[in-house]
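One structure is given below, encoded as structure tokens.
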Amino acid sequence: MNDEQPSARWKAARSMDRIAVPGELQVTKTHVVFEPKGRRTQSARFSVAFTFVAGVGTVPGTGKFFSGGRRERLCLTLADGSEWLFVVPKLDTAVERIRSSVHR
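Residue numbers (our numbering): 98 to 201.
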């Protein structure tokens, strides 16, 4: 496996303000990556090296219909304090997989 090939992937949606952008959340050898599904949403692409991830956990949903509703979200907290939110099926599995990759 090279650094860019995903070792794990989930269908996901990135919570952005009032919307949730559909795509795929991936874990590579060195990064967590979100690839948006459509061309119009390429600005929603997200990629961060494990060294910049300070925490991996969950946060409650906002209740806003178009941003994923009340579903609990994956929360990646970066070293600068920013939080990046993703709606992911099998949330507990995704959290554990990403957490174990980050803390190797």
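Note that CB positions come from ideal geometry on N, CA and C, so glycine has one too.
Just verifying my parser: in three-state terms, what is the DSSP assignment at residue i?
| i | result |
| --- | --- |
| Glu132 | strand |
| Val150 | strand |
| Arg194 | helix |
| Ser144 | strand |
| Val185 | coil |
Excluding the 5 residues flanking residue i on each side, which residues of the same chain have their C-beta closer than 8 Å to its C-beta?
| i | result |
| --- | --- |
| Val156 | Glu169, Arg170, Cys172, Glu180, Leu182 |
| Arg194 | Ala105, Val124 |
Would you grab the beta carbon distance between residue i and residue j for me? Rounded to a whole angstrom, and I think it's under 8 Å.
| i | j | result |
| --- | --- | --- |
| Ser104 | Thr127 | Wrong, their Cβ atoms sit about 10 Å apart, outside the cutoff. |
| Arg196 | Val153 | 4 Å |
| Thr174 | Ala191 | Actually they are not in contact, since the Cβ atoms of Thr174 and Ala191 sit about 15 Å apart, beyond 8 Å. |
| Ser198 | Phe147 | 7 Å |
Provide the residue(s) that pair with residue i in DSSP beta bridges, ordered along the chain.
| i | result |
| --- | --- |
| Ser179 | According to DSSP, Ser179 bridges with nothing at all. |
| Ser104 | Beta-bridge pairing links Ser104 to no other residue. |
| Gly120 | Ala109, Pro133 |
| Arg170 | Val156 |
Which residues in the same chain as residue i place their Cβ atom closer than 6 Å to its Cβ, once the five residues preceding and following it in sequence are excluded?
| i | result |
| --- | --- |
| Arg111 | Val118, Phe131, Ala141, Phe183 |
| Gln123 | Pro103, Arg106, Val130 |
| Val145 | Val129 |
Starting from the C-beta of residue i, find all residues in its chain whose C-beta is less than 7 Å away, skip the five residues before and the five after it, and write them out in chain order.
| i | result |
| --- | --- |
| Lys108 | Glu121, Pro186 |
| Glu101 | Thr125 |
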